[in-house]
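Novice: Numbering follows my numbering, with no gaps: position 92 of the sequence shown is 94.
Just so it is clear, CB atoms sit at the ideal spot from N, CA and C, and this is done for glycine as well.
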Amino acid sequence: MAALLKRSASLLRAGALQKHGVLTKQALCLFSTNMRMFTNKISVEMDGTTGVAVLTMKSPPVNSLSLDFLTEFTISLEKLEMDKACRGVILTSALPRVFSAGLDITEMCGKSAEHYAAFWRAVQEFWLKLYTSNMVTVAAINGSCPAGGCLMALVCDYRVMADDPKFSIGLNETKLGIVAPFWFKDTMTNTIGNRETEKALQLGYMYSPADALKVGLVDQLASADKVETVASTVMSEWLAIPDHARHLTKSMMRKPTRDRLVTHRDADITSFVNFVTKDSIQKSLQMYLESLKQRKR
3 MAALLKRSAS
13 LLRAGALQKH
23 GVLTKQALCL
33 FSTNMRMFTN
43 KISVEMDGTT
53 GVAVLTMKSP
63 PVNSLSLDFL
73 TEFTISLEKL
83 EMDKACRGVI
93 LTSALPRVFS
103 AGLDITEMCG
113 KSAEHYAAFW
123 RAVQEFWLKL
133 YTSNMVTVAA
143 INGSCPAGGC
153 LMALVCDYRV
163 MADDPKFSIG
173 LNETKLGIVA
183 PFWFKDTMTN
193 TIGNRETEKA
203 LQLGYMYSPA
213 DALKVGLVDQ
223 LASADKVETV
233 ASTVMSEWLA
243 IPDHARHLTK
253 SMMRKPTRDR
263 LVTHRDADIT
273 SFVNFVTKDS
283 IQKSLQMYLE
293 SLKQRKR
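1. Using the Cα positions of L96 and K60, report the straight-line distance between them to the nearest angstrom.
2. Roughly how many whole angstroms lie between the Cα atoms of Y207 and L173?
3. With DSSP as the reference, please indicate the residues paired to G1 in a beta bridge.
4. So, does the stretch 207-223 touch the stretch 238-245, judging by three or more C-beta pairs under 8 Å?
5. If I follow the unbroken alpha helix (DSSP H) through M154, where does it start and stop?
6. Who does D49 pair with in a DSSP beta bridge?
7. Is the Cβ-Cβ distance between Y237 and V140 less than 7 Å?
8. Run through DSSP, which three-state label would I194 get?
9. Would you mind working out which of C152, Y160 and T251 sits nearest Y209, comparing C-alpha positions?
10. Leaving out five residues before and five after K43 in sequence, what residues of the same chain have Cβ atoms less than 6 Å from its Cβ?
11. In the DSSP assignment, the alpha helix (DSSP H) including L215 goes from what residue to what residue?
12. Excluding the 5 residues flanking W307 on each side, which residues of the same chain have their C-beta closer than 6 Å to its C-beta?
13. For the alpha helix (DSSP H) that contains V264, what are its first and last residues?
14. My understanding is that S114 touches N65, with C-beta atoms under 8 Å, so please give their C-beta distance in whole angstroms.
15. Report yes if the C-beta distance between E175 and A214 is below 7 Å; otherwise report no.
16. Determine the direct distance from the alpha carbon of T265 to that of N192, and round the result to whole angstroms.
17. Here's the rule I'm using: 16 or more other beta-carbon atoms within 10 Å means buried, otherwise exposed. How should A164 be labelled?
18. Who are F75's beta bridge partners in DSSP?
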């Protein structure tokens with residue numbers, strides 16, 4: 003398994019995972035019945051009876067979306083996608099108080115332009131795989147999810163969030179001096195509308211669970227200990243719909259947003275690299291990382 007993941011990771015970073023046929027029957031057999039699969043940062047439990055998998059993020063301290071995390075996540079998702087027995091996946095976190103803190107800032111600070119390009123391509127791939135998945139995707143949000151964590155939840159078909167005022171959700175990139183790319187914006191606009199997105203992105207607003215429900219950022223609230231149970235109930239409702247009809251409808255709804263990124267993918271990477279390599283941005287990110295270190299002391 004370790005060798006397979008290592009090989010798959012290198013191919014994914016080069017954008018050639020499918021081209022090279024890494025996901026073979028050997029990999030797919032892992033998902034044929036009830037099964038558990040663990041990597042360093044992801045665990046997957048598949049129920050062969052219901053056709054539902056639970057993908058749990060387990061990368062302390064906050065499930066940051068590092069290059070390694072994105073690679074493991076995307077590989078795990080693609081394996082599930084290619085298993086015909088799997089019809090839906092629930093995303094959740096094994097960590098207390100956090101779903102995912104979003105993009106790993108250390109991947110954007112003090113590295114080479116080549117590294118930034120590889121990282122951003124992995125972020126794009128992660129979004130594309132999840133956004134265009136034929137499976138029903140339900141986010142069981144059992145903690146806070148700012149920035150890229152919010153994006154992960156937004157990409158899912160349905161979002162259940164823990165009703166805890168200590169938790170929050172939103173695309174807060176501007177507060178870090180970063181601009182959310184157009185496909186982050188498009189994903190949020192598709193969910194809560196243009197005006198609410200305009201305010202949310204400019205202010206870097208983090209919504210409480212109650213406010214997130216009010217504006218439609220999440221679909222349902224549940225007590226913290228019932229989030230995954232409610233997500234499972236929701237999943238069964240979605241799976242009552244014939245797969246082919248739901249697949250085609252989802253593809254029809256999401257194709258314009260997906261196509262926009264695919265068409266401008268290389269330009270988006272260039273834009274990100276040009277932005278993040280600016281001295282002012284590097285300084286801002288370094289200051290933010292230093293502030294995090296100070297908080298831990």
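Specialist: The answer reads as follows:
1. Per the sequence shown, residue 96 should be read as Ala rather than Leu. Approximately 5 Å, taken between the alpha carbons.
2. 7 Å
3. A query on residue 1 cannot be resolved here, the shown segment of the chain reaching from 3 to 299 and no further.
4. no
5. G150 to V157
6. V54
7. It is Met, not Tyr, that sits at residue 237 in the sequence shown. Their beta carbons are under 7 Å apart, which means M237 touches V140 by this criterion.
8. helix
9. C152
10. S61, F71 and E74
11. P211 to V217
12. The shown model of the chain, from 3 to 299, leaves out residue 307, and the question about it has no answer.
13. D245 to T265
14. About 25 Å separates the two Cβ atoms, so there is no contact after all.
15. no
16. 19 Å
17. buried
18. The partner list for F75 (beta bridge, DSSP) is empty, contrary to what the question assumes.
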